[in-house]
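Reading the sequence shown from the start, the letters are residues 14 to 201 in the numbering used here. Yeah, the Cβ is synthetic: ideal placement off N, Cα and C, and Gly gets one too. Everything numeric in this text was worked out from a predicted model, so none of it was measured. Let me begin by presenting the structure, written as structure tokens, before commenting on it.
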Amino acid sequence: MNDFFLANNESLPHVFVDHEIHILQIQVKNLERFAVYANEIKNSLESYSIETITPLIEPQLLNIMGLCSLVTDISPDVFQAHMAQTSAIAELVLKIIQVNDAFFKKEERRNRSRDETDNPSWFYAFAYLVRNGHRHDDLMNLTYGAFLRYLKEAQALERQQIKSYAVATRVANHTDKSGFEKYIKQVD
14 MNDFFLANNE
24 SLPHVFVDHE
34 IHILQIQVKN
44 LERFAVYANE
54 IKNSLESYSI
64 ETITPLIEPQ
74 LLNIMGLCSL
84 VTDISPDVFQ
94 AHMAQTSAIA
104 ELVLKIIQVN
114 DAFFKKEERR
124 NRSRDETDNP
134 SWFYAFAYLV
144 RNGHRHDDLM
154 NLTYGAFLRY
164 LKEAQALERQ
174 QIKSYAVATR
184 VANHTDKSGF
194 EKYIKQVD
């Protein structure tokens with residue numbers, strides 16, 4: 014899904030058996046409820062394909078139904094009427110995974126500080142984005158994918174600012190007063 018899909022909180026049209034439905038992106042405010050169902054599926058799959066999803070439909074049916082209740086507009090009656098159609102359900106689950114790729118993407122673990130490991134908190138990420146100009150209500154209504162992109166870009170901007178400060182410090186320490194003033198004028 015592209016950046017505009019994420020930023021506009023768009024949905025993906027999908028045909029489940031003979032019913033036109035929409036698959037939605039999970040919003041940050043619903044992430045905890047979504048994770049209850051999605052983590053079981055995410056942890057059960059090595060890769061995401063129809064072939065790997067199909068054998069998990071029966072043991073994960075309740076989790077799949079929970080996912081569908083949060084990120085699709087399919088009615089419970091329609092889903093229940095077609096529970097025997099495992100290929101259609103597998104395709105639906107794959108589309109849910111694709112639309113909510115930010116959640117289902119399996120990332121490599123990076124080394125984190127002991128404090129981050131011991132005390133992980135969403136408030137760190139929220140406070141960081143609020144310091145960068147976002148409002149709490151806006152963050153809660155973002156899709157999870159857009160939230161991660163904003164967080165990543167804010168971190169990139171901060172790294173760039175640190176580099177700029179380092180360059181300015183180095184220039185200040187290695188030039189005379191007129192050379193530093195010339196550098197500052199070039200930056201402005």
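- Straight-line spacing of the CA atoms in A167 and D31 works out to 43 Å.
- Non-local beta-carbon contacts of H149 in its own chain, meaning distances under 8 Å to residues more than five positions away in sequence, involve F139 and V143 in chain order.
- Boundaries of the beta strand (DSSP E) around L25: L25 to F29.
- The distance from the Cβ of L152 to that of I109 is about 23 Å, inconsistent with a contact at the 8 Å cut-off.
- Contact between F29 and L105 holds: CB atoms are separated by about 5 Å, below the 8 Å threshold.
- Taken atom to atom, the span from the alpha-carbon of F116 to that of E171 is near 24 Å.
- For H187, there is no enclosing beta strand (DSSP E); the residue is found in the alpha helix (DSSP H) stretching over Y157 to H187.
- Just so you know, the alpha carbons of D114 and K195 end up roughly 48 Å apart.
- From the listed residues A48, I70 and F18, the smallest Cα separation to A101 is found for I70.
- Between I66 and A103, the CB-CB gap stays under 7 Å.
- In the three-state reduction of the DSSP assignment, I77 falls in the helix class, which pools H, G and I.
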